[in-house]
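Below you'll find the structure, written out as structure tokens, and then a few comments.
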Amino acid sequence: MVRSVTAPLDLPALHASHAGTWMCGRDGAVREVAKGEAVMAVADTPLLILNAPLVATRLGYPDLSGLDLLELFAFVHPAQFCVPTPKGLAEALGLPAPASDAEVPALLRQAAAELLDRCEVEEWGEREGAWSSLQSLARLRWPWAQLLMPKIRQPERAEKWLFSRLPQWEENDDRPQPKQVDLSRAEIEAQLDALTGDAAERRDGQRRYAGEAAHVFAPRARRDAPHMLLAQAGTGIGKTLGYLAPASLWAKESGGTVWVSTYTKNLQRQLRSESARAWPAPREDGTPPVVVRKGRENYLCLLNLEDALQGGFGGRPAVLAQLVARWAAYTRDGDMIGGDLPGWLGTLFRRRAIRSLTDQRGECVYAGCPHYRKCFIERAARQSAQADLVIANHALVMVNAARGRDTANKPSRVIFDEGHHVFDAADSTFAAALSGSEAIELKRWILGPERGSKGRRRGLAARLADIASYDESGGQAIDAATEAAQALPASGWLGRLAEGAPLGPIEQLLAAVRAATYARDESGGIEAGYGIETEAAGLDGAIVEQAANAADALAAIRKPLLKLAGRLEAVIEDAPDWLDAQGRARVEGARYSLGWRIDLLAAWEAMLDRLGGPGDPEFVDWLAVERSDAREFDVAIHRHWLDPIKPFARTVLDGAHGVMLTSATLAERDEDGAPEWPSAVARSGAPHLEVKPALFAAQSPFDYATQAEILVVTDIRKGDIPALAGAYARLIEAAGGGVLGLFTAIRRLRAVHGRIADRLARTGLPLYAQHVDPIDTGTLTDIFRDDPRASLLGTDALRDGVDVPGDSLRCVVMEQVPWPRPTILHRARRLAAAETEGGAKAYDDRMIRARLAQAFGRLVRRADDRGQFVMLSPAFPSRFLTAFPQGTPVIRCPLDEAIARVAAAEVNKKQSKAGTSHYSRA
Ligand code: SF4
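Structure representation (structure tokens):
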């Protein structure tokens, strides 16, 4: 697109950062203004801004609105990536990046003009549907609509509605069983060479790793005994291509499907791009050989979108629905969470609005839905059944195995990358919680939305009306379930609990749970505002009685649902003439979702039965009041498996033919760097199947002795927040940004951020923070990656969800040893570990070392990365040092010396970009 340089848009613009606030008038003159003046100006006239919620936070003015460039970008270029910062916007539009905060308002005027002008250009790739969408947005008084109107010409022919434009998926025959094949070492090596490219250096570790990975694809020798491999591969081995080599070969020769499961979205992204080397193009019939598959709650539900577009949403959420509809026409796969819908779009509106466009509640009506043949979820499910490689996440693999609709499509060869997270994923997947919000979801699923809510969502009776009139007992079962579901909580339940006026047996139970949790709270206000919990033991008679009443009420719902499931099965077996293929698919779908609800109700009843009696040693139960920022949002009874690997082994491993768990931090290391396998083997599930897994370890090829160093700072006292904040600020200044700061408590993160963000911004070092900035974690990471001067503070999710190779991440700072939180669940597992070798202390130590290893792992991602790991903990125990790669220098020193070393490393790096630099030994 060759065009003349665009003149800036003739509107004022505003930019606010931690360093100050700048405005640019229509005349192009920029001046720094006080926050008060900016607030007055923005209340007066619509100003050009970037990321309204963030500007609102910076100005301390929550009602801020204006002409947000991000909304315009989402309209003009739906499904295109843009880092939501001035620099990111400039890069996305091919404009020069601003050199300082003061230059940002001018950039906003330029970028607005550029985006508007693009709509006039003939080659604009996203023109289709824009005019119609704009008419709706104008009716909604979207501020950009009037500026866009003159730019977008009315098409000569009426544009097709989104729902008729989307392609239909095709039904395919089931794939035949995979052939049994044995892969030879020579074939695997040749495939690895092909994937890494002729020019790639020969990496012995990777070759050995690929050869071992092939082990899981060999024909199985014994039923219920999958081949299992635990493979530890240090960072830089090239494990992705290492396992994709045998996986792609096996898929080709056997005609089967390999599943690769990850824990983080980052790795999914990376796998999607690396798998293109093995499967560079779609098949001849156009079907994709590689499919990314996620839980259904990630995808756009077209029926929900249609509801939202037709009046289900009002005000700002209605604008969001229009922008999502623009995106839906251009998206690769309809994935709204971590796919090509910008993560920032939800935060510009309300996150809840995004969620309500997905199929969160499992209300899908399957073949009864008018968009069934275009549904993104159904498309992904069909594509994955035909794919050579399915890229999924741990939770989905587990949920699919536990309650998949189609057992024939159960994954049989699975590679769990980020295998150290299998335990955590199993822990949450196989847990149960009877909470107010879960119970209200169930009520809506049975009864439909409560009176007064808009939309076309319907309850069970309406969804199965034809079955009810055809099959009398089925109809009676629906009536009985509908009546019994009245006992579930209704909206406003949380308020009624607080007022002591609960309605019905479940609300009464939750009120008793809440009262007991507060009564037994021992946190002494330390964690004020965060969740509190208490054991589900030694409860008084009143709560036990409420639990019994609630269990009866739940059983009264479950029994008719069970009867209904039986009737649906009978209808399918002896299908009436009027039940066509679509109707059959709908009844099948209903059976599937009924089964899931019946299991849920049974699990809740089992939990309640235990409240008054002796505990079940397999489970840990507790009561909780969930709070965030001092606001209660749920009350719950929780149940987790003491060892969640048991259900994992039963549902995922049992029946599989080959399973590999791999990670850089799967096993512990002894002082000589050799892996110690017992705990990794126990956490793989192999012992539950009496399988002996193959074990493999390859050291990282990186030279940690010259590429990294660990600085243990000895003079920051624990609990001294001013000193902690000062240390962070000085370290970030010394490093010139590029610092990832990890915290174990949100409270301390906020306190530190509040003290240092302004100071750093004034020196041109932006500081972003999880739990502070109104930006989702994925977008925060994108921002951090994009700006080498930015630093990022965060908690657990950033400890191993961040993959930032290169210059943007130069230093990781941990505020203290990441001790496990003393929750009831942790206490129970620790107690159980006391009986095993090493005892409870070894259990905690293992957990801490794993966290340290993950955090350290963020630092050096490539052969030319250099970095420092700073631990602000004077009493850092030496026994944790085996968490770090062997040979990494460890220096215990006061803060001043650590700062000097960080600053020196920065200078050193700048001087020798060619890669010859190294940290001088102390
Ligand atoms: S088939 Fe289900 S998930 Fe798909 S669009 Fe229809 S209701 Fe939504």
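For the sequence shown, the working numbering begins at -4 and goes up steadily by one.
Quick reminder that beta carbons are idealized off the backbone N, C-alpha and C, glycines included.
Best match in the options for proximity to residue i [C-alpha to C-alpha]
| i | options | result |
| --- | --- | --- |
| Ala362 | Phe344, Ala387 and Leu298 | Leu298 |
| Leu84 | Ala94, Leu64, Ser95 and Asp96 | Leu64 |
| Glu436 | Asp419, Ala475 and Gly454 | Gly454 |
| Ala313 | Gly338, Gly334, Ala348 and Arg288 | Ala348 |
| Gly561 | Ala532, Phe643, Asp611 and Ile462 | Ile462 |
| Ile232 | Arg784, Gly852 and Gln694 | Gln694 |
| Glu478 | Arg553, Thr424, Gly526 and Pro497 | Arg553 |
| Asn167 | Thr282, Asp572, Arg856 and Ala428 | Thr282 |
| Ala619 | Pro761, Ile819 and Ala730 | Ile819 |
| His652 | Pro150, Gly495, Trp254 and Glu568 | Trp254 |
| Arg321 | Asp802, Ser128, Tyr56 and Pro800 | Ser128 |
| Asp535 | Leu589, Ala472 and Leu606 | Leu606 |
| Val385 | Thr424, Ser432, Lys405 and Glu165 | Lys405 |
| Glu530 | Ala724, Arg634 and Asp199 | Arg634 |
| Arg678 | Leu788, Ile410 and Val417 | Val417 |
| Thr230 | Pro800, Glu901 and Cys806 | Pro800 |
| Arg887 | Val747, Ile705 and Gly733 | Ile705 |
| Pro162 | Cys77, Thr259, Gly309 and Glu373 | Glu373 |
| Ala675 | Tyr258, Ala845, Ser432 and Arg408 | Ala845 |
| Ser622 | Glu564, Glu540, Pro761 and Arg509 | For the sequence presented, residue 622 should be read as Arg rather than Ser. Residue Arg509 is the option with its Cα nearest to Arg622. |
Beta strand (DSSP E) segment containing residue i, residue limits
| i | result |
| --- | --- |
| Ala926 | The requested residue 926 does not occur in the structure, where the chain is confined to residues -4 to 917. |
| Gln227 | His222 to Ala228 |
| Trp17 | Gly15 to Cys19 |
| Trp672 | Looking at the DSSP string, Trp672 is not in any beta strand (DSSP E), and its letter there is neither H nor E. |
| Val808 | Cys806 to Met809 |
| Glu27 | Val25 to Val28 |
| Phe411 | Arg408 to Phe411 |
Outcome for residue i when other beta-carbon atoms lying within 10 angstroms are tallied against a minimum of 16
| i | result |
| --- | --- |
| Asp466 | buried |
| Tyr513 | exposed |
| Ala181 | exposed |
| Arg104 | buried |
| Arg134 | exposed |
| Lys369 | buried |
| Gln130 | exposed |
| Gly584 | buried |
| Pro7 | buried |
| Gly307 | buried |
| Gln149 | exposed |
| Glu810 | buried |
Where residue i falls: helix, strand or coil (DSSP)
| i | result |
| --- | --- |
| Met393 | helix |
| Asn167 | coil |
| Tyr367 | helix |
| Pro817 | coil |
| Arg916 | Bear in mind that the predicted position of Arg916 carries a pLDDT of just 38, short of 50, making it unreliable; the figure below should be weighed with that in mind. In the structure shown, Arg916 sits in coil (DSSP, three-state: anything other than H, G, I, E or B). |
| Ile372 | helix |
| Tyr838 | helix |
| Ala900 | helix |
| Gly251 | coil |
| Gly653 | strand |
| Arg160 | helix |
| Ser179 | coil |
| Leu429 | strand |
| Thr257 | strand |
| His10 | strand |
| Phe875 | helix |
| Leu787 | strand |
Limits of the unbroken alpha helix (DSSP H) element including residue i
| i | result |
| --- | --- |
| Gln863 | Run containing Gln863: none in the alpha helix (DSSP H); it sits in the beta strand (DSSP E), Gly862 to Met866. |
| Ile770 | Segment: none, Ile770 is in no alpha helix (DSSP H) and carries neither H nor E. |
| Arg203 | Asp199 to Ala208 |
| Arg458 | Leu455 to Arg458 |
In the segment 46 to 80, which residue ranges form an unbroken alpha helix (DSSP H) of at least 4 residues, counting only runs that do not cross its ends?
47 to 54 and 64 to 71
Could you tell me which uninterrupted alpha helix (DSSP H) segments, each at least 4 residues in length, are contained entirely in the segment 690 to 768, listed from first to last along the chain? 699 to 702, 716 to 730 and 741 to 757
Runs of beta strand (DSSP E) lying entirely within the segment 468 to 546, each at least 3 residues, in chain order: 527 to 530
#### Entry: Ordered list of beta strand (DSSP E) runs contained in the segment 564 to 648, each at least 3 residues
614 to 623 and 626 to 636
At 4 residues or longer, what runs of the alpha helix (DSSP H) sit wholly inside the segment 302 to 372? 310 to 323, 338 to 343 and 346 to 350
Discussion item. Extract the residue ranges of the beta strand (DSSP E) inside the segment 93 to 137, only unbroken runs of 3 or more that lie entirely within it.
Written reply: none
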